[in-house]
Amino acid sequence: RARASQSVAEMSHRKFEHPRCGSLAFLPKKRAKRCKGKVKTFPKDDAAKPCHLTAFMAFKAGMTHILRDVDKPGSKLHKKESVEAVTILEAPPMVVVGCVGYVKTEQGLRALKTVWAEHLDDQVRRRFYKNWCTSKKKAFTKYAAKYASDKASIDADLALIKKNAVVVRAICHTQVRKVQGIKQKKAQIMEIQVNGGDVPTKVDFCVNNFEKAVPIDSVFNQDEMIDTIGITKGHGFEGVVTRWGVTRLPRKTHRGLRKVACIGSWHPARLSFQVARSGQRGYHHRTEYNKKVYKIGKKGEESHKAATEFDQTDKPITPLGGFVHYGVVNEDYIMLKGAVPGPVKRVVTLRHSLFPSTTRNAAEKITLKFIDTSSKNGHGRFQTAAEKQAIMGVRKA
Numbered sequence: 010r011a012r013a014s015q016s017v018a019e020m021s022h023r024k025f026e027h028p029r030c031g032s033l034a035f036l037p038k039k040r041a042k043r044c045k046g047k048v049k050t051f052p053k054d055d056a057a058k059p060c061h062l063t064a065f066m067a068f069k070a071g072m073t074h075i076l077r078d079v080d081k082p083g084s085k086l087h088k089k090e091s092v093e094a095v096t097i098l099e100a101p102p103m104v105v106v107g108c109v110g111y112v113k114t115e116q117g118l119r120a121l122k123t124v125w126a127e128h129l130d131d132q133v134r135r136r137f138y139k140n141w142c143t144s145k146k147k148a149f150t151k152y153a154a155k156y157a158s159d160k161a162s163i164d165a166d167l168a169l170i171k172k173n174a175v176v177v178r179a180i181c182h183t184q185v186r187k188v189q190g191i192k193q194k195k196a197q198i199m200e201i202q203v204n205g206g207d208v209p210t211k212v213d214f215c216v217n218n219f220e221k222a223v224p225i226d227s228v229f230n231q232d233e234m235i236d237t238i239g240i241t242k243g244h245g246f247e248g249v250v251t252r253w254g255v256t257r258l259p260r261k262t263h264r265g266l267r268k269v270a271c272i273g274s275w276h277p278a279r280l281s282f283q284v285a286r287s288g289q290r291g292y293h294h295r296t297e298y299n300k301k302v303y304k305i306g307k308k309g310e311e312s313h314k315a316a317t318e319f320d321q322t323d324k325p326i327t328p329l330g331g332f333v334h335y336g337v338v339n340e341d342y343i344m345l346k347g348a349v350p351g352p353v354k355r356v357v358t359l360r361h362s363l364f365p366s367t368t369r370n371a372a373e374k375i376t377l378k379f380i381d382t383s384s385k386n387g388h389g390r391f392q393t394a395a396e397k398q399a400i401m402g403v404r405k406a
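Position one of the sequence shown corresponds to residue 10 (this note's numbering), numbered consecutively onward.
Next up, the structure:
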């Protein structure tokens, strides 16, 4: 009897011995509706802070690695060197072209009024057409004429937003034509919430920035923790073994072995949603929280290069031969720790942290000692073209 009671006490549950294959947290695993990440929730507003944008859009260029000293007292890594993977995202300045005011209703926020800038670039007007080449290109021509003939109506719309709105968002678009690695002419547009200050101040902030370029360093800072929102790399239609990680059946199984043996009991006479089924894998909308900003590079400044205080080599951030399937980074860029969802060239939405981290990692100051710029096409022996020339010598043309 004592032995029986001991065996009962040591028994475990199946969910611990063999947990289910694949997480149900991300159901439904379906293709995303749009190719860019959508900000479904903006950070909480604080009227005591000055007006600022809470999000930005950048283009994924590729990955490399860095070397830095860890500053974490008490840790075994304290004052030791650490090699970490980082992602480079090219982020040309975004242009503010509009302002939207929202009012609260029982069903949630409702757009009260939208005010657009007088002049809109062709790359943003393309977004309103299916076929720009065959169109008459008349978008916003009548609205732009109101600035000359009926400015009072635009002022009235702005006054209405200042009086009644509770949330103000700026309509911004990317300058995709400036990105050398992407041959696209149609800009991406998004609404970015303006936080800080009262509503009239927010509206004035948007209007003062109409048709002006807003750089990424005015939105994010180094050592800050931010969220990334993007669309993962698509893999098409996959079976249950790849999609859910279920175990293959024995070799001699009739009618295939990369299957689920029993997809449910006779009754209830319907399929349970927990059962692994084949279908879409990848191209999902995903949000990743609290990624550390390691560096922000400004075009035309020393910060754009890959030189550090410890490695004074004059070299660009672009590795030898360019980023694979992307090319050269010429505009502003942001360096984030770790990976970012999606393939290269895909646009990624960056947002101020929705759940600000209070860990030691969030408070740590980052000092880079070395940024790798060797070729990503092979084993990558050389950091610069001059170094390769000195060692390899003259090669056959």
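Quick reminder that beta carbons are idealized off the backbone N, C-alpha and C, glycines included. Computed from a predicted model, the values in this text were never measured in an experiment.
Beta-bridge pairing of residue i - partner residues as DSSP gives them
{"i": "Asp78", "result": "Glu90"}
{"i": "Ile343", "result": "Leu98, Ile305"}
{"i": "Pro325", "result": "Lys314"}
{"i": "Asp381", "result": "Beta-bridge pairing links Asp381 to no other residue."}
{"i": "Thr376", "result": "DSSP lists no partner for Thr376."}
{"i": "His61", "result": "Asn204"}
{"i": "Met72", "result": "Thr96"}
{"i": "Gly288", "result": "Glu247"}
Extent of the continuous beta strand (DSSP E) run through residue i
{"i": "Cys181", "result": "176-182"}
{"i": "Leu169", "result": "Element bounds for Leu169: not the beta strand (DSSP E) but the alpha helix (DSSP H), 160-173."}
{"i": "Cys215", "result": "Taken as a continuous stretch (DSSP letters only), Cys215 belongs to no beta strand (DSSP E), being part of the alpha helix (DSSP H) at 208-217."}
{"i": "Asn204", "result": "198-204"}
{"i": "Ala270", "result": "Careful: Ala270 lies outside any beta strand (DSSP E) and carries neither H nor E."}
{"i": "Ile238", "result": "234-240"}
{"i": "Arg360", "result": "356-361"}
{"i": "Trp125", "result": "117-125"}
{"i": "Met103", "result": "103-114"}
Residue i: CB within 7 Å of a non-hydrogen atom of the ligand PLP
{"i": "Lys314", "result": "With respect to the ligand PLP, the structure offers nothing, as it holds no ligand at all."}
Pick from the options that is closest to residue i, judged by C-alpha positions
{"i": "Phe379", "options": "Ala196, Val349, Glu19, Thr322", "result": "Thr322"}
{"i": "Asp226", "options": "Thr382, Asn217, Met66", "result": "Met66"}
{"i": "Asp213", "options": "His61, Glu373, Ala34", "result": "His61"}
{"i": "Ser432", "options": "Val48, Phe25, Lys49, His74", "result": "Examination of residue 432 is not possible in this model, given that the chain is present from 10 through 406 alone."}
{"i": "Val357", "options": "Ile235, Thr251, Lys38", "result": "Ile235"}
{"i": "Lys146", "options": "Ala154, Arg134, Tyr152", "result": "Arg134"}
{"i": "Ile198", "options": "Pro28, Lys45, Met20, Leu33", "result": "Lys45"}
{"i": "Val175", "options": "Gln184, Val338, Lys113", "result": "Lys113"}
{"i": "Arg267", "options": "Ser287, Arg279, Phe282", "result": "Ser287"}
{"i": "Glu220", "options": "Met20, Ala34, Glu26, Asp131", "result": "Asp131"}
{"i": "Arg290", "options": "Trp253, Glu93, Cys30", "result": "Trp253"}
{"i": "Glu247", "options": "Arg40, Ala34, Met20, His22", "result": "Arg40"}
{"i": "Thr96", "options": "Gly117, Val333, His22, Asp54", "result": "Val333"}
{"i": "Thr210", "options": "Ser274, Cys108, Asn140, Ala399", "result": "Cys108"}
{"i": "Lys374", "options": "Pro59, Val79, His22", "result": "Val79"}
{"i": "Leu363", "options": "Lys151, Ser91, Lys300, Thr327", "result": "Lys300"}
{"i": "Gly243", "options": "Glu26, Ser312, Lys42", "result": "Lys42"}
{"i": "Phe282", "options": "Ala148, Gly31, Arg23, Phe25", "result": "Gly31"}
{"i": "Asp164", "options": "Asn386, Leu377, Lys122", "result": "Lys122"}
{"i": "Asn140", "options": "Arg404, Lys85, Lys194, Lys53", "result": "Lys194"}
{"i": "Phe51", "options": "Ala371, Thr256, Val177", "result": "Val177"}
{"i": "Ala3", "options": "Lys155, Leu98, Glu115", "result": "The requested residue 3 is not part of the displayed model; the chain covers only 10 to 406."}
{"i": "Leu377", "options": "Ser91, Ala120, Val338, Pro82", "result": "Ser91"}
Exposure of residue i, with buried meaning 16 or more beta-carbon neighbours within 10 Å
{"i": "Asn204", "result": "buried"}
{"i": "Lys69", "result": "buried"}
{"i": "Ala294", "result": "It is worth fixing the name first, because residue 294 is His in this sequence and not Ala. Burial call: buried."}
{"i": "Ala56", "result": "exposed"}
{"i": "Asn7", "result": "A question about residue 7 goes unanswered here, because the residues of the chain that appear run from 10 up to 406."}
{"i": "Ile191", "result": "buried"}
{"i": "Thr367", "result": "exposed"}
{"i": "Gln392", "result": "buried"}
{"i": "Lys88", "result": "exposed"}
{"i": "Ala94", "result": "exposed"}
{"i": "Ile238", "result": "buried"}
{"i": "Cys181", "result": "buried"}
Within-8 Å CB hit, residue i to chain C
{"i": "Ile400", "result": "Here chain C cannot be found, since the structure has a single protein chain."}
Contact belief for residue i with residue j at Cβ below 8 Å, rounded distance in angstroms
{"i": "Pro350", "j": "Glu310", "result": "Wrong, their Cβ atoms sit about 29 Å apart, outside the cutoff."}
{"i": "Ala179", "j": "Cys142", "result": "About 30 Å separates the two Cβ atoms, so there is no contact after all."}
{"i": "Ala64", "j": "Arg360", "result": "4 Å"}
{"i": "Ile201", "j": "Gly110", "result": "Rounded, the Cβ-Cβ distance is 14 Å, inconsistent with contact."}
{"i": "Asp381", "j": "Pro101", "result": "Asp381 to Pro101, Cβ: 24 Å. No contact."}
{"i": "Asp5", "j": "Val124", "result": "Examination of residue 5 is not possible in this model, given that the chain is present from 10 through 406 alone."}
{"i": "Val249", "j": "Val269", "result": "5 Å"}
{"i": "Thr241", "j": "Tyr292", "result": "6 Å"}
{"i": "Ile326", "j": "Lys314", "result": "7 Å"}
Span of the alpha helix (DSSP H), counted from its first residue to its last, around residue i
{"i": "Glu26", "result": "23-26"}
{"i": "Lys221", "result": "Careful: Lys221 lies outside any alpha helix (DSSP H) and carries neither H nor E."}
{"i": "Arg134", "result": "131-134"}
{"i": "Ile400", "result": "394-401"}
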